[in-house]
Amino acid sequence: MSVQQDRSNESDAKGAFGGYHKREVPDPDKELTRIGHGTPMGEYMRRFWHPVCLSEQLTDLPMATKILDEELVVFRDKSGRVGILHKHCSHRGTSLEFGIVSDKGIRCCYHGWLFDIDGKILETPGEPAVSKLKDSFYHGAYHAREYKGIVFVYMGPPDKKPAFPIRDTWIEPGVKMVPFILEVGNNWLQTQENNLDPSHSSFLHTRITEHFAGSFTEVPRIDYQIVGDGTGVIYSCKRRLGEYMWVRQLHTFLPNESHVGTVYHDGDSQLYFQRALWSRWIVPRDDVTSVYIGWRLFGEEYPGGREEDCGIEKIDMPGQARISDYEEAQRFPGDWEAQASQRPIAVHALENMGTTDGGVALIRKALRQALRGEAPNAWPEPAPDGVEESDPVNLYTEDTVFKIPPAGGYEKEWELLGDVGSRVTDIIFEADKFEGRERIERIQERLKELEVAYN
3 MSVQQDRSNE SDAKGAFGGY HKREVPDPDK ELTRIGHGTP MGEYMRRFWH PVCLSEQLTD
63 LPMATKILDE ELVVFRDKSG RVGILHKHCS HRGTSLEFGI VSDKGIRCCY HGWLFDIDGK
123 ILETPGEPAV SKLKDSFYHG AYHAREYKGI VFVYMGPPDK KPAFPIRDTW IEPGVKMVPF
183 ILEVGNNWLQ TQENNLDPSH SSFLHTRITE HFAGSFTEVP RIDYQIVGDG TGVIYSCKRR
243 LGEYMWVRQL HTFLPNESHV GTVYHDGDSQ LYFQRALWSR WIVPRDDVTS VYIGWRLFGE
303 EYPGGREEDC GIEKIDMPGQ ARISDYEEAQ RFPGDWEAQA SQRPIAVHAL ENMGTTDGGV
363 ALIRKALRQA LRGEAPNAWP EPAPDGVEES DPVNLYTEDT VFKIPPAGGY EKEWELLGDV
423 GSRVTDIIFE ADKFEGRERI ERIQERLKEL EVAYN
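Just so you know, we're using the working numbering here: the sequence shown kicks off at 3 and counts up by one.
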């Protein structure tokens, strides 16, 4: 019998010591993980605004970067405008990261070609005065927008450019938004999926910080649903903490935007509709690396943490940044280690998902529906002429802690958690007809009424 023919023990793959039969590693899920030009996910992502860098990273020198597998250069010219261009000069390919930031645009260091922020070629030194070369084409360029300390880019078809999305928490009086950026060593999707996996907080995070001790050790009841006609996903996470019940919601927008609630409340006192403390995006650099960019919100209604702990390669949410010391990472791994160690691109075909993975399964479903045209509202509409920003969109992320007595018995308590959580979600949805402070106060009032009804 040849080696090729000796496959008689393949049935042992499900048995003990069966590693020999599990050596094959299938290809990743190309539909959801590949983000290059022309791929389904790559084309979908290019229809949205994505953060690229922090405003403070733009100095008198250009900055080379990679977003959606495209090499780019980002700069602020001397007139204060931000440009995002293809990295390599249209003349002979020299990188514009070595270019000279000018009063208007950026000049290539090699032969002095000058490019405006829209890609228009302003000067081609060395060419005859009668040359029409500079007027015959444009250099590759993308729309850029600065908002509250972050530079965003739109990389899709120019005629499909959507309005820049505004969320209601960003315009609340008294809120201070502190930007941060973190490099991520894996495919974007496995980090985005982490946002829909709250059960891991009961295991992973309780090892690394006191912020997650106590209340986060309780395994929750979690329910998930697609919202906004396919534009996003929310989870409702309910925990019993003695005489208190914590109802926590997280709102994720397709494809890669999430809004995360507090990690600074212990669940030992009442709380009504505390808003998201983090707004963040996981943006692919290429298929195997990504970047986390967003804001930490501070203010009277956003307690906990320190502004100085947020910025370039730092954030005041434990476990998000890479731990440089290997032994420390082994002893106290965080989200970064858990996600990056799934392989550069997690292989879905090797997973054995259970009930705790409902959010992961749902966001994959929602993304597939968007890519396959089954959720047309998941694609942003082009902005009307003259419209630069969207109207504020209400976020459903929140934390509420009720003082509600236990139901008595596991099954009754499980049912109570689900019932209260469902009613909280309904209250928040129903308040969408209100705006701003009126909406917040209406929700808080109704949550307090709900608490009374269960006492």
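We put the CB at the ideal spot given by N, CA and C, even for glycine. A quick note: this is a predicted structure, and the numbers were derived from the prediction, not measured.
* To do: For my contact list, Glu447 and Ile406 are in at a C-beta cut-off of 8 Å; report their separation, rounded to the angstrom.
  => At roughly 17 Å, the Cβ-Cβ gap does not stay under 8 Å, so Glu447 and Ile406 are not in contact.
* To do: Label Asp401 either buried or exposed according to how many other C-beta atoms from any shown protein chain fall within 10 Å of its C-beta, with 16 as the threshold for buried.
  => Answer is buried; the Cβ neighbour count reaches 16.
* How is Phe139 classed by DSSP in three states: helix, strand or coil? -> In the three-state reduction of the DSSP assignment, Phe139 falls in the coil class.
* **Ile314 classed as buried or exposed, judged by whether at least 16 other C-beta atoms fall within 10 angstroms** => By the beta-carbon neighbour count (other beta carbons within 10 angstroms, threshold 16), Ile314 is exposed.
* **Where the alpha helix (DSSP H) containing Arg2 begins and where it ends** => Outside the modelled stretch of the chain, which goes from 3 to 457, sits residue 2, for which no answer is possible.
* Using the DSSP secondary-structure output, state which residues sit across from Arg223 in a beta bridge. => Here Arg223 is bridged, per DSSP, to Lys240.
* Asked: Taking one C-beta from the stretch 88 to 100 and one from the stretch 111 to 125 each time, how about it: are there three or more such pairs within less than 8 Å?
  -> Contact holds: three or more Cβ-Cβ distances are below 8 Å.
* Quick one: what's got a C-beta closer than 6 Å to Arg277's C-beta in the same chain, skipping five residues either side? -> Excluding sequence neighbours, Arg277 sits near Thr171.
* Presumed contact (8 Å Cβ cut-off) between Val180 and Cys312, rounded CB distance -> 5 Å between Cβ atoms; contact.
* State buried or exposed for His39, treating a residue as buried only when at least 16 other CB atoms are found within 10 Å of its CB. => Under this definition His39 is an exposed residue.
* Helix, strand or coil for His145 per DSSP? -> DSSP places His145 in strand when its eight states are reduced to three.
* Asked: Helix, strand or coil: which one does DSSP assign to His207?
  -> Its pLDDT being 46, under 50, His207 is placed unreliably in this model, and the value from its coordinates should be taken loosely. For His207, the secondary structure class from DSSP, reduced to helix, strand or coil, is helix.
* To do: Report the partner residues of Thr402 according to the DSSP bridge assignment.
  => Under DSSP, Thr402 takes part in a beta bridge, and its partners are Val249.
* Asked: Can you tell me whether DSSP reads Thr291 as helix, strand or coil?
  -> DSSP, reduced to helix, strand and coil, places Thr291 outside both helices and strands of the structure shown, so it counts as coil.
* Distance, Arg374 Cα to Leu184 Cα -> Rounded to the nearest whole angstrom, the CA to CA distance from Leu184 to Arg374 is 31 Å.
* **Through-space distance from Val54 to Met2, alpha-carbon basis** => With the chain covering 3 to 457 only, the question about residue 2 has no answer from this structure.
* Backbone secondary structure at Thr67 - three-state DSSP -> For Thr67, the secondary structure class from DSSP, reduced to helix, strand or coil, is strand.
* Asked: By how many angstroms is the C-alpha of Gln371 removed from the C-alpha of Gly234?
  -> The straight-line gap from Cα to Cα measures roughly 12 Å.
* To do: Please say whether Arg147 and Ile119 have beta carbons closer to each other than 8 Å?
  => Between Ile119 and Arg147, the CB-CB gap reaches or exceeds 8 Å.
* With DSSP run on the structure shown, which of helix, strand or coil describes Val84? -> Three-state DSSP puts Val84 in a strand.
* At 4 residues or longer, and completely inside the stretch 345 to 396: list those alpha helix (DSSP H) runs for me, N to C. => If we require 4 residues or more, the alpha helix (DSSP H) runs fully inside the stretch 345 to 396 come out as 360 to 373.
* To do: Classify Val132 as helix, strand or coil using the three-state DSSP reduction.
  => Val132 falls in the coil class under three-state DSSP.
* Could you tell me whether the Cβ atoms of Tyr237 and Leu252 are closer together than 8 Å? => Cβ distance < 8 Å, so Tyr237 and Leu252 count as in contact.
* To do: Measure the alpha-carbon distance for Arg298 versus Gly306 and round it to whole angstroms.
  => Using only the alpha carbons, I get a separation of about 11 Å.
* Mind checking Gln332: buried by the 16 CB within 10 Å criterion, or exposed? -> Exposed is the call here.
* When you compare only the Cα positions, how much space is there between Gly20 and Asp231? -> So the two alpha carbons sit approximately 45 Å from each other.
* Distance between beta carbons of Lys163 and Tyr156, contact taken as under 8 Å -> About 5 Å separates the two Cβ atoms, so the contact holds.
* Quick one: give me the first and last residue of the beta strand (DSSP E) that Gln276 is part of. => Leu273 to Gln276 is the span of the beta strand (DSSP E), which, as asked, contains Gln276.
* If we call anything under 8 Å between Cβ atoms a contact, is Leu74 one with His88? -> Taking 8 Å as the Cβ cut-off, Leu74 and His88 qualify as a contacting pair.
* Asked: What residues in its chain sit with their C-beta under 7 Å from that of Glu366, if we drop five residues either side in the sequence?
  -> Glu is not the amino acid found at residue 366; the sequence shown has Arg there. Leu34, listed in sequence order.
* To do: On a CA-only basis, which of Phe275, Arg287, Phe117 and Lys24 is nearest Glu72? Give me that one, please.
  => Minimum Cα distance to Glu72 is reached at Arg287.
* Over what stretch of residues does the beta strand (DSSP E) that includes Arg169 continue unbroken? -> Neither: Arg169 is in no beta strand (DSSP E) and is coded neither H nor E.
* Would you list the one or two residues that DSSP bridges to Lys89? => DSSP lists no partner for Lys89.
* Proximity below 8 Å, CB of Thr399 to CB of Val262 -> Yes, Cβ-Cβ distance for Thr399 and Val262 is below 8 Å.
* Asked: Can you give the beta carbon distance from Asp62 to Gly107, rounded, assuming they're within the 8 Å contact cut?
  -> Actually they do not touch by this definition, with Cβ atoms about 14 Å apart.
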